[in-house]
């Protein structure tokens, strides 16, 4: 897969979702150079694994808003450099909190899965 970023972001399709923004954190050195094959592969794998981490994210949001509508995924943000442990954030629009939404950060585990490392307002997904 080849990602064409403009101003640190591009649109990607995730099965079962609308198009969402894929963002490279401007804090990353990797945001200022062409994507390495390793970084491209990490991003592609995370997007392919979306059903897994989306289920975890939505369940976490459901804990806070048990009677809420289904959260709408709006963006995925790459938060780690190529040689660091893989981390990314996801942000959601919520009918129950339109002003703040919700965000989660995920980190890769050693068993090829993802774990939530931070949860809060949508801004959590970006820093």
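Residue numbers (the numbering used here): 1 to 127. Quick reminder that beta carbons are idealized off the backbone N, C-alpha and C, glycines included.
Below 8 angstroms on the Cβ atoms is my guess for residue 73 versus residue 88; work out the distance and round it to an integer in Å.
Here the question's residue 73 lines up with position 73 in the chain shown. Here the question's residue 88 lines up with position 88 in the chain shown. A Cβ-Cβ separation of about 12 angstroms leaves residue 73 out of contact with residue 88 under the 8 angstroms criterion.
Fully enclosed by the stretch 46-105, which beta strand (DSSP E) runs are 3 residues long or longer?
72-78 and 87-93
Assign residue 47 to buried or exposed, taking buried as 16 or more other Cβ atoms, counted over all protein chains shown, within 10 Å of its Cβ.
Residue mapping note: residue 47 aligns to position 47 of the chain shown, counting from 1. Buried is the call here.
Which of the three DSSP states is assigned to residue 119 in this structure?
Taking the first residue of the chain shown as 1, we reach residue 119 at position 119. Residue 119 falls in the strand class under three-state DSSP.
Among 18, 106 and 60, the one whose alpha carbon lies nearest that of residue 114
What you label residue 114 is simply residue 114 of the chain shown in a count that begins at 1. Of 18, 106 and 60, the residue nearest in Cα terms is 106.
What does a CB cutoff of less than 8 angstroms around residue 39 pick up in its chain, not counting 5 residues either side in sequence?
Position 39 of the chain shown holds residue 39. These residues qualify, in order along the chain: 30, 78 and 82.
Tell me where the beta strand (DSSP E) around residue 35 begins and ends.
Here residue 35 refers to the residue found at position 35 of the chain shown. That residue, residue 35, is in no beta strand (DSSP E); it is neither H nor E in DSSP.
Integer Cβ distance of residue 68 from residue 94, believed to fall under 8 angstroms:
Along the chain shown, read from residue 1 onward, the residue named residue 68 stands at position 68. Along the chain shown, read from residue 1 onward, the residue named residue 94 stands at position 94. Cβ atoms of residue 68 and residue 94 come within 8 angstroms of each other, at about 7 angstroms.
Look at the Cβ atom of residue 119, then the Cβ atom of residue 60, and state whether they are nearer than 8 angstroms.
Along the chain shown, one-based indexing puts residue 119 at 119. Along the chain shown, one-based indexing puts residue 60 at 60. Result yes, Cβ atoms of residue 119 and residue 60 sit closer than 8 angstroms.
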